[in-house]
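Okay, so the sequence shown: first residue is 276 according to my numbering, each after it adds one.
Glycine residues also receive a C-beta, built at the ideal position from the N, C-alpha and C atoms.
Owing to the predicted nature of the structure, the values given are computational and were not obtained by experimental measurement.
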Amino acid sequence: MKNLLAIDTATDALSLALQVDGERASRHQVMPRRHQQLLFAEIEALCGGRALASLNLDAIVYGQGPGSFTGLRIAVSAAQGLAYSLGLPALGVSTLETQLRTLLRHHADLRAPAIYLSTIDARIGQLYGAFFAFDGTGIRSLGAPVIAEAGALALPDEARALADLPVRVLGSGLAYRDAMPAEWKSGNEDWAQVLPEARDMLAPAEQLLAAGQVAAPGDAQPDYVQQKVGWKTLAEQGKRA
């Protein structure tokens, strides 16, 4: 097992996980709009007073998104800074995949094959969503994440061969459940409250490391999915009168 520090601030939760010498510790708290103020204090508490440089970490892992624009920037900036200072790669992991892994870990009874739509409320009448196939033991992505109104979502082409599987929905995007196809509604009200937990980023991060899919700190990037949401950059605004 690799030594890893994982950071996710893409949602209302500030979630951290540390894996060192086969032992894991985590901190997960819902604290909207307080991520930036408390992140490094939480990392220090997670490490139990040990200096990060003494932990022989192999990588810094960050929640790549999609999610809150501000939250994504906080996680990526922190990961870049720590990775630069420690001479480590920075690994981005899908927030929506992490969220599904969190659900499956908390619900050991969910072992039947299914298609899962992991969602996050984008708070503009739309949601972020990504489809995953679950075979009873592992998950695989069925396409890139999208942002759309709930009624405009459709199964991706990659899911055509799995049309006989039920579609289950999780995450805060269930706020728009009434607009979704009836057969997609999970029927589990608590699934709307699921948030990604950083401890569930560790397994996919190990897979990335094993596959040699590492990146220099400067290449760490958030996955906003939607790059622009109606405002103009300063350059696009032109000169002020």
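{"Asked": "Whole-number beta carbon distance between A281 and M533, since they are thought to touch under 8 Å", "Found": "Missing from the structure shown is residue 533; the chain here goes from 276 to 516 and no further."}
{"Asked": "Counterpart residues of D396 in DSSP-defined beta bridges", "Found": "L402"}
{"Asked": "Collapsed DSSP secondary structure at E317 in the structure displayed", "Found": "helix"}
{"Asked": "Closest by C-alpha distance to G446, when choosing among Q468, L332, I335 and L314", "Found": "Q468"}
{"Asked": "Reduced DSSP secondary structure (H/G/I, E/B, other) of D498", "Found": "coil"}
{"Asked": "Spatially closest choice to G487 from L321, C322, A334 and A285, by CA coordinates", "Found": "A334"}
{"Asked": "Nearest neighbour of G426, chosen from A434, E458 and L375 [CA to CA]", "Found": "E458"}
{"Asked": "For Y517, the nearest candidate out of I390, L428 and D465 (CA to CA)", "Found": "Within the shown structure, residues of the chain are numbered from 276 to 516, placing residue 517 beyond reach of any answer."}
{"Asked": "Sequence-distant residues of its chain with Cβ nearer than 6 Å to P441 (five each side left out)", "Found": "A389"}
{"Asked": "Nearest to V368 (by Cα), restricted to the options L313, Q339, A320 and D453", "Found": "Q339"}
{"Asked": "Span separating the alpha-carbon of L437 from that of G413", "Found": "15 Å"}
{"Asked": "Length-filtered (3 minimum) beta strand (DSSP E) runs lying within the segment 299–344", "Found": "334–340"}
{"Asked": "Top-ranked residue by Cα proximity to P492, from V336, T286 and D498", "Found": "V336"}
{"Asked": "Pairwise C-alpha distance: G297 and V504", "Found": "Only weak support exists for where V504 lies, its pLDDT of 42 falling under 50; the coordinates are left without a value."}
{"Asked": "Alpha helix (DSSP H) segment containing A480, residue limits", "Found": "L477 to A485"}
{"Asked": "Straight-line gap, D384 to S360 (C-alpha atoms, nearest Å)", "Found": "42 Å"}
{"Asked": "Delimiting residues of the beta strand (DSSP E) encompassing L279", "Found": "L279 to D283"}
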